[in-house]
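Note sheet for the following structure.
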Amino acid sequence: MNGHPDLAREHMEKSISLLDQFNLLHINDSIPQIANYAMFLTEQQEPERGISELQKLSGIIKEYHSDHCLDYAKVQETLGTIYLMTANLPQAKTHFKRAFKIYEKIWTDEPEMIEAKYQEIQELYPQVGFFLGQQLSDFLTKQT
665 MNGHPDLARE
675 HMEKSISLLD
685 QFNLLHINDS
695 IPQIANYAMF
705 LTEQQEPERG
715 ISELQKLSGI
725 IKEYHSDHCL
735 DYAKVQETLG
745 TIYLMTANLP
755 QAKTHFKRAF
765 KIYEKIWTDE
775 PEMIEAKYQE
785 IQELYPQVGF
795 FLGQQLSDFL
805 TKQT
């Protein structure tokens, strides 16, 4: 990752801490921020922390809203993406299926939305393959 990951981490953690302090983690605008933080952690070789953050967020969404809303689906999709990036295909499949059950209910009258989301997820597979290859390359470079 280019730039200043330590500075990015500091600011992301501070913003999430403020959201938590003011009991705002459950609001719609906070959810992408936390999902982005989880992806950042994964890219920084801390997928377990990213998964943990998303699992906490899932619980918060379920408590304040439901486990059948679009926000919950998006978190499940992000969990699926992280599991895919870490080559945990069974868990990736589980979370993608959860997300799709919700998408299919919400977008019942909009099959083009479902198809677009399906295509988006299908496109992750080659991207993740590249990501895993890059991680392996970085690892091997550090070993020499």
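Residue numbers for the sequence shown follow my numbering, beginning at 665 and rising by one.
Each residue gets a CB set at the ideal place from its N, CA and C atoms; glycine is no exception.
(request) Alpha carbon to alpha carbon, how far is Glu-674 from Ile-698? Give it in angstroms, no decimals. (result) One-based indexing of the sequence shown puts residue 698 at position 34. One-based indexing of the sequence shown puts residue 674 at position 10. Answer to the nearest angstrom: the Cα atoms are 13 Å apart.
(message) By alpha-carbon positions, which one of Leu-748, Asn-692, Gln-709 ends up nearest to Ser-722?
(response) Within the sequence shown, residue 722 is the residue found at index 58, counting from 1. Residue Asn-692 is the option with its Cα nearest to Ser-722.
(request) With a cut-off of 8 Å on the beta carbons, I'd call His-759 and Leu-743 a contact; round off their distance for me. (result) Along the sequence shown, read from residue 1 onward, the residue named residue 759 stands at position 95. Along the sequence shown, read from residue 1 onward, the residue named residue 743 stands at position 79. His-759 to Leu-743, Cβ: 4 Å. Contact.
(request) Give me the Cβ distance between Tyr-728 and His-690, rounded to the nearest whole Å; I'm assuming they're in contact under 8 Å. (result) Counted from its first residue, the sequence shown places residue 728 at position 64. Counted from its first residue, the sequence shown places residue 690 at position 26. That belief holds up - the Cβ atoms of Tyr-728 and His-690 are roughly 4 Å apart, short of 8 Å.
(message) Would Tyr-767 and Ala-737 be called neighbours here (beta carbons separated by less than 9 Å)?
(response) Reading the sequence shown from its first residue, position 103 is the one you call residue 767. Reading the sequence shown from its first residue, position 73 is the one you call residue 737. Contact: yes.
(request) Assign Asn-700 to one of three DSSP states: helix, strand, or coil. (result) Your numbering for residue 700 matches position 36 in the sequence shown. Of the three classes helix, strand and coil, the one that applies to Asn-700 here is helix, per DSSP.
(message) With a threshold of 6 Å on Cβ separation, who are the neighbours of Met-676 within its own chain once the five nearest residues in sequence on each side are excluded?
(response) Counting from one through the sequence shown, the residue named residue 676 turns up at place 12. So the qualifying residues of the chain are Tyr-701.
(message) On the CB-based measure, 16 or more other CB atoms within 10 Å of its CB, does Gln-740 come out buried or exposed?
(response) Stepping through the sequence shown from its first residue, residue 740 is reached at position 76. By the neighbour-count rule (16 or more Cβ atoms within 10 Å), Gln-740 is buried.
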